[in-house]
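In this text, residue positions in the sequence shown follow my numbering: the first is 4, and each later residue adds one. Here the structure is laid out as structure tokens; the discussion comes afterwards.
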Amino acid sequence: MVRVVLLGMGMAASHFVVGLERIKAGEIEPYGVPLAGKLEKSISDIEVVAAYDVDESKVGKTVYEVAERQIGDVVPIPDTLKKLRVLEGVHLGNLDRLGIRSRGLDYRMSLLEAAETLIDQWRELEPDVIINVITTEYAYEIGSIEVLEERLAEGRVSAGQFYAYVAAEYSRRHSPVAFVNLIPTPLANDDLYVKMYREAGGLILGDDGATGATPFTADVLEHLSERNRYVEFVVQFNIGGNLDFYALTDPDKNLMKEKTKSSIVEDILGYDAPHYIKPTGYLEPLGDKKFVSIHIEYKSFNGVRDSIYVNMRINDSPALAGYMVDLARLGRLALDAGYTGTIYEVNAFYMKKPGPKGGKSISRILAYQNMVRWLEENGLLVRSPTH
Ligand SMILES: NC(=O)c1ccc[n+]([C@@H]2O[C@H](COP(=O)([O-])OP(=O)(O)OC[C@H]3O[C@@H](n4cnc5c(N)ncnc54)[C@H](O)[C@@H]3O)[C@@H](O)[C@H]2O)c1
4 MVRVVLLGMG
14 MAASHFVVGL
24 ERIKAGEIEP
34 YGVPLAGKLE
44 KSISDIEVVA
54 AYDVDESKVG
64 KTVYEVAERQ
74 IGDVVPIPDT
84 LKKLRVLEGV
94 HLGNLDRLGI
104 RSRGLDYRMS
114 LLEAAETLID
124 QWRELEPDVI
134 INVITTEYAY
144 EIGSIEVLEE
154 RLAEGRVSAG
164 QFYAYVAAEY
174 SRRHSPVAFV
184 NLIPTPLAND
194 DLYVKMYREA
204 GGLILGDDGA
214 TGATPFTADV
224 LEHLSERNRY
234 VEFVVQFNIG
244 GNLDFYALTD
254 PDKNLMKEKT
264 KSSIVEDILG
274 YDAPHYIKPT
284 GYLEPLGDKK
294 FVSIHIEYKS
304 FNGVRDSIYV
314 NMRINDSPAL
324 AGYMVDLARL
334 GRLALDAGYT
344 GTIYEVNAFY
354 MKKPGPKGGK
364 SISRILAYQN
374 MVRWLEENGL
384 LVRSPTH
């Protein structure tokens, strides 16, 4: 079994729970799950045991109701999701400025009391993996335990930093978990968190899932770099109509994405070619199917200049949900294999900004090969493929 707790019951979480149930029921093939049929744990071993949110219209509802409202027009919602209710998380101001009515444990208790409440709930739920897919937040690396303690006492941590701290505490006091951070908040890139998890016997994977244009651009840059073509500039536009894109109209939240996305250029090319790589806008009718446009200009042999133009429409949240199916299983497998702290080989494939701090962004084709080698060395791949 892989027992999963979800933080944030938004679009990505909805596609994850619904897709998972449909794969288990044999309704769909596991396309979009990179390691489907390849891992020592099968997809049907995953069980979602709880989901947390702070949107007043979601907390207390069944996961079925929330998923129906968000993606019911795209895919059928399995009845099995009626058994699971959305629990109240800790808000820490994350939905302020988005015009969403929120609630949270922190509205009626201190953060330290909220931490104990979550730990008590998790003792009952016994999660192996906790996946963070809450709204993008503005947060900086914390760096030292003294600063973290001070900020916890003053309520000056972000929700992601808080949940990751509580999960480390849970790992230390009760049973080790893998915390998978799919949002840009630096957690696997914060030495303090990696150390906390190492000492607690847990794992932290992150940061920020790499699903759409960024891994694609990374592979194109690797292609150019291997042929010694000199990249003059990179433009990567992203316009979407889901809540995630709406949240990114907030300049602080947008800056967080820009940071995790932009690290690919210098890491892959070895020089910082001028680039504009950031979520560019919100246009409601696009919905979850975002519009991506990429333009790269480079210098080739004999000084001539070539151009690459790519346009795509990509379903945003199902792409991340497919990764969640792998990361849940990888988290549990790696814990069982005795890994603690973080795992660069896994992060480098799934994440925009792979931890630990200083971990290079490499092309996804290379990252995939490295990860498969790592899985082989650890005996985590199956011989006869099933899912
Ligand atoms: N392809 C992708 O969709 C993709 C790729 C990489 C990263 N991400 C990241 O994943 C996250 C989720 O994406 P999404 O499309 O599902 O977004 P979403 O806006 O649909 O869902 C986010 C959910 O988190 C909830 N939330 C906000 N603050 C919370 C808190 N403090 N505690 C508990 N719940 C909270 C919101 O109410 C909402 O239900 C975003 O941060 C996004 O940047 C998404």
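Glycine residues also receive a C-beta, built at the ideal position from the N, C-alpha and C atoms.
Report back the beta-carbon spacing between THR139 and LEU10 to the nearest angstrom; my notes put them in contact at under 8 Å. In fact, because the Cβ distance is near 13 Å, the residues do not count as touching under 8 Å.
Is DSSP giving LEU38 helix, strand or coil here? coil
What do you reckon, is the C-beta of GLY158 under 7 Å from a heavy atom of ligand 1? Checking every heavy atom of ligand 1 against the Cβ of GLY158, none is found closer than 7 Å.
Would you call HIS177 buried or exposed, if buried means 16 or more other Cβ atoms sit within 10 Å of its Cβ? exposed
Just tell me which of ASN241, ILE145, ALA213, GLY273 has its CA closest to the CA of VAL197. ILE145
Taking only the alpha-carbon atoms, compute the straight-line gap between ILE299 and LYS260 and give it to the nearest angstrom. When the Cα atoms are used, ILE299 and LYS260 turn out to be separated by approximately 20 Å.
Are ASP319 and ASP255 closer than 8 Å when you measure CB to CB? no
Where SER296 sits in the DSSP three-state scheme: strand
Can you look up ASN350 in the DSSP assignment and give me helix, strand or coil? helix
Which whole-angstrom value describes the C-beta separation of THR214 and LEU101, a residue pair presumed to lie in contact below a C-beta threshold of 8 Å? That belief does not hold up - the Cβ atoms of THR214 and LEU101 are roughly 22 Å apart, past 8 Å.
I want to check one thing, is the minimum distance from the CB of ALA171 to the heavy atoms of ligand 1 below 7 Å? no
Among ASP222, THR188, GLU225, whose alpha-carbon lies nearest the alpha-carbon of LEU208? THR188
Decide yes or no for the touch test of the segment 373-381 against the segment 332-349: beta carbon pairs closer than 8 Å, at least 3 of them. yes
Taking C-alpha atoms, which residue in ILE31, GLY158, GLY361 lies nearest to LEU115? For the residues ILE31, GLY158, GLY361, the minimum Cα distance to LEU115 belongs to GLY158.
Rounded to whole angstroms, what is the Cα-Cα separation between ILE368 and MET14? Linking ILE368 to MET14 through their CA atoms gives a straight-line distance of about 27 Å.
Excluding the 5 residues preceding and the 5 following PRO288 in the sequence, name in chain order all residues of the same chain whose CB lies nearer than 7 Å to its CB. GLY244
Inspect the beta-carbon positions of VAL8 and ILE133 and report whether they are closer than 8 Å. yes
Going by the CB atoms, is the gap between ASN97 and ALA171 shorter than 8 Å? no
What are the partner residues of LEU10, as DSSP defines its beta bridges? Bridge pairing for LEU10: TYR55, ASN135 [DSSP].
Drop a sphere of 10 angstroms on the beta-carbon of LYS86, count the other beta-carbons inside from all chains shown, and report buried for 16 or more, exposed for fewer. Exposed: under 16 other Cβ atoms inside 10 Å.
Taking 8 Å as the threshold (C-beta atoms), are ARG6 and VAL52 in contact? yes
For ligand 3, is there a heavy atom less than 7 Å away from the beta-carbon of THR252? This structure lacks ligand 3; its bound ligands are ligand 1.
What residue range does the beta strand (DSSP E) around GLY215 cover? Where GLY215 is concerned, there is no enclosing beta strand (DSSP E), given that its DSSP letter is neither H nor E.
Assigned secondary structure, LEU286 (DSSP; H/G/I helix, E/B strand, else coil): Of the three classes helix, strand and coil, the one that applies to LEU286 here is coil, per DSSP.
Take GLY63 and list the residues in its own chain whose beta-carbon comes closer than 7 Å to its own, dropping the five residues that flank it on each side. ARG88, VAL89
Quick check on DSSP: helix, strand or coil for VAL183? strand
Residue range of the alpha helix (DSSP H) that LEU128 falls in? 114-128
Assigned secondary structure, LYS302 (DSSP; H/G/I helix, E/B strand, else coil): LYS302 falls in the strand class under three-state DSSP.
Please determine, among HIS226, HIS278, GLY284, the residue with the shortest C-alpha to C-alpha distance to ASN241. With distances taken between Cα atoms, ASN241 lies closest to GLY284.
Identify the residues that DSSP records as bridge partners of SER310: which are they? In the DSSP assignment, the residues bridged to SER310 are GLU300.
Tell me the rounded alpha-carbon separation between PHE19 and VAL385. 23 Å
Short Cβ contact (8 Å threshold) for LEU397 with ALA167: This structure cannot settle anything about residue 397, because the visible part of the chain is limited to 4 through 390.
Since TYR326 is in the alpha helix (DSSP H), which residue starts that stretch and which ends it? 319-339
Where does LEU383 land, buried or exposed, given buried means 16+ other C-beta within 10 angstroms? buried
Reducing DSSP to helix, strand and coil, say where TYR141 ends up. In the structure shown, TYR141 sits in coil (DSSP, three-state: anything other than H, G, I, E or B).
For ALA28 and GLU229, I'd like the C-alpha separation in whole angstroms. 44 Å
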